[in-house]
Amino acid sequence: MAEAAAPRSPLAGLGKALAEMRADGVTIAEGPARTRLNLRLDQKDVEALTAAGAVLGGSLPRTPNTAATTVNGTALLWLGPDEWLVTGSAEAGAQLEDTLRARLDGRHHALTDVSAMYATIALSGPLAREVLMKGCRLDLHPRAFAPGACVQTSLAKANVILHQTDDAPSYEITVRNSFSVYLATWLLDAMAEHRPA
Numbered sequence: 001m002a003e004a005a006a007p008r009s010p011l012a013g014l015g016k017a018l019a020e021m022r023a024d025g026v027t028i029a030e031g032p033a034r035t036r037l038n039l040r041l042d043q044k045d046v047e048a049l050t051a052a053g054a055v056l057g058g059s060l061p062r063t064p065n066t067a068a069t070t071v072n073g074t075a076l077l078w079l080g081p082d083e084w085l086v087t088g089s090a091e092a093g094a095q096l097e098d099t100l101r102a103r104l105d106g107r108h109h110a111l112t113d114v115s116a117m118y119a120t121i122a123l124s125g126p127l128a129r130e131v132l133m134k135g136c137r138l139d140l141h142p143r144a145f146a147p148g149a150c151v152q153t154s155l156a157k158a159n160v161i162l163h164q165t166d167d168a169p170s171y172e173i174t175v176r177n178s179f180s181v182y183l184a185t186w187l188l189d190a191m192a193e194h195r196p197a
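Counting in the numbering used here, the sequence shown runs from 1 upward without gaps.
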């Protein structure tokens with residue numbers, strides 16, 4: 001029996017362009033492969049929220065458009081009043097899903113592995129915010145969007161989940177695979193004016 005081929009990144013064809021992009025004040029890279037679980041729970045079900053938090057290593061954010069990172073590096077992104085995106089290492093995926101599903105058994109919930117649907121683009125540096133503002137209508141000023149903020153929005157007409165991870169600022173842009181090459185190419189073009197002379 002032949003072994004299944006390892007999944008190929010939708011951004012593999014842009015690997016050289018991403019690696020060779022040199023711009024002052026902003027860097028771009030493909031984010032690492034991740035497990036992504038879409039979790040739906042009733043916010044009023046305190047026992048379910050507590051059980052999920054125990055498995056994940058931290059409480060699910062309850063404030064709109066915020067994210068939390070647990071001690072084991074799992075990111076918990078608020079997507080809606082009863083919806084979160086849980087992202088962790090690719091290696092932890094099946095075990096995390098199985099453990100979470102077992103702990104929530106008998107409780108009203110939905111848990112879906114959406115790992116294969118998305119790619120992540122990492123954008124970082126003092127000018128990263130300026131690059132994003134070329135295609136995003138959100139107010140990304142630090143007073144309005146700071147580390148720990150996440151939002152579902154449109155960037156260059158592509159639907160994304162934008163998560164600011166630190167003060168650099170650094171952003172993780174989660175985008176559907178089918179739009180990832182388009183968006184990465186758009187970001188490369190938006191960064192072009194910052195190339196060294």
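For glycine and all other residues, C-beta sits at the position ideal for the given N, C-alpha and C.
In this text the structure is predicted, and so the values were computed from the model without any measurement.
Residue from P32, A168, C150 with nearest C-alpha to V160: Walking along the sequence shown from the start, residue 160 turns up at place 160. Of the listed residues, the one whose Cα sits closest to V160 is C150.
A52 beta carbon less than 8 Å from that of L85: On the sequence shown, position 85 is the one that residue 85 refers to. On the sequence shown, position 52 is the one that residue 52 refers to. No, Cβ-Cβ distance for L85 and A52 is not below 8 Å.
With a 10 Å radius around its C-beta and 16 neighbouring C-beta atoms as the bar for buried, classify T74 as buried or exposed. Taking the first residue of the sequence shown as position 1, residue 74 is located at position 74. Its Cβ being crowded by 16 or more others within 10 Å, T74 is buried.
So G53 is in the alpha helix (DSSP H); what residue range does that whole segment cover? Here residue 53 corresponds to residue number 53 of the sequence shown, with the count starting at 1. 46-56 is the extent of the alpha helix (DSSP H) around G53.
Going by other Cβ atoms of all chains shown within 10 Å of its Cβ, with 16 needed for buried, is P81 buried or exposed? If you number the sequence shown from 1, residue 81 lands on position 81. Burial call: exposed.
Closer than 7 Å by C-beta to P196: which residues in its own chain qualify, once you throw out the five before and the five after it? Chain order, please. By one-based count along the sequence shown, residue 196 stands at place 196. Excluding residues within five positions, the ones whose Cβ falls inside 7 Å are R22, D24.
Over the uninterrupted beta strand (DSSP E) stretch that includes L60, give me the two end residues. As a first step, residue 60 must be located in the sequence shown, where it is residue number 60. Per DSSP, L60 belongs to no beta strand (DSSP E) and is neither H nor E.
Helix, strand or coil for R107? Go by DSSP, reduced to three states. Along the sequence shown, one-based indexing puts residue 107 at 107. Three-state DSSP puts R107 in coil, outside helix and strand.
Just the Cα atoms here: how many angstroms apart are P64 and L79? Taking the sequence shown and counting its residues from 1, the one referred to as residue 64 is at position 64. Taking the sequence shown and counting its residues from 1, the one referred to as residue 79 is at position 79. Looking at the two C-alpha atoms, the distance is approximately 7 Å.
Closer than 6 Å by C-beta to V114: which residues in its own chain qualify, once you throw out the five before and the five after it? Chain order, please. Reading the sequence shown from its first residue, position 114 is the one you call residue 114. Once the five neighbours on either side are set aside, the close Cβ partners of V114 are R36, N38.
T174 vs P147 beta-carbon contact at 8 Å: Counted from its first residue, the sequence shown places residue 174 at position 174. Counted from its first residue, the sequence shown places residue 147 at position 147. No; because the gap between Cβ atoms is not below 8 Å, this pair is not in contact.
Can you list, in chain order, the residues of its chain whose CB lies under 6 Å from that of G58, leaving out five sequence neighbours each side? In the sequence shown, counting from the first residue as 1, residue 58 sits at position 58. Excluding positions up to five away in sequence, the list reads A68, T70.
Please report how far the alpha carbon of F145 lies from the alpha carbon of S154, in whole angstroms. Numbered from its first residue, the sequence shown carries residue 145 at position 145. Numbered from its first residue, the sequence shown carries residue 154 at position 154. As the crow flies, the alpha-carbon of F145 is around 15 Å from that of S154.
Taking the C-alpha atoms as reference points, what is the distance between V181 and L132? For the purposes of this step, residue 181 is taken as the residue at position 181 of the sequence shown. For the purposes of this step, residue 132 is taken as the residue at position 132 of the sequence shown. Cα to Cα, V181 sits roughly 16 Å from L132.
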